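Numbering (numbering that gives the first Met the number 0), first residue to last: 0 to 82.
Even for Gly, the Cβ is constructed at its ideal location relative to N, Cα and C.
Computed from a predicted model, the values in this text were never measured in an experiment.
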Amino acid sequence: MDSNTKNFRFAEAVVLSSTDHTCKYNSVIYVGTGGGISTVKVATVGGQDVTFTSVPSGTIIPLMVTKVYKTGTDATNLVALAD
0 MDSNTKNFRF
10 AEAVVLSSTD
20 HTCKYNSVIY
30 VGTGGGISTV
40 KVATVGGQDV
50 TFTSVPSGTI
60 IPLMVTKVYK
70 TGTDATNLVA
80 LAD
């Protein structure tokens, strides 16, 4: 394991099948399947909406988020990670 890797105590699957996903804890998002033109739209703990584009598979988005939006997210196998 890389010495710069953060260890998390909580993980939850991000389920976007019918609605936005509200994170149980303020979380960073792991993108399991991304690439190409994949996008992830989130709400930050600071209250901003941000859309990340061309997110590669295996990426951890290093931003504390409260929500992952169904509309605006097409990357899959997302996991919310929290300390």
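Alpha carbon of residue i to alpha carbon of residue j, nearest angstrom
i: V13; j: G31; result: 11 Å
i: N76; j: E11; result: 11 Å
i: D1; j: M63; result: Here D1 scores only 49 on pLDDT, less than 50, and its place in the model should not be relied on; the value that follows carries that caveat. About 21 Å.
i: Y68; j: P61; result: 17 Å
i: L80; j: F9; result: 6 Å
i: T50; j: K5; result: 23 Å
Proximity winner among the options, relative to residue i (alpha-carbon distances)
i: T70; options: A42, F7, A10 and N25; result: A42
i: S26; options: Q47, K40, T65 and G35; result: T65
i: V44; options: R8, T58, Y24 and F7; result: Y24
Proximity of residue i and residue j at Cβ, strictly below 9 Å
i: F7; j: D73; result: no
i: G33; j: V39; result: yes
i: V28; j: I59; result: Sequence check: residue 28 is Ile here, not Val. The answer is yes: Cβ separation under 9 Å.
Beta-ladder partner(s) of residue i, from DSSP
i: L15; result: Bridge partners of L15: none, in fact.
i: D48; result: A42
i: S26; result: V64
**Prompt:** Quick one: any contact between the segment 18 to 25 and the segment 47 to 61, if contact means 3 or more CB pairs under 8 Å?
**Reply:** Counting Cβ pairs under 8 Å, fewer than three are found: no touch.
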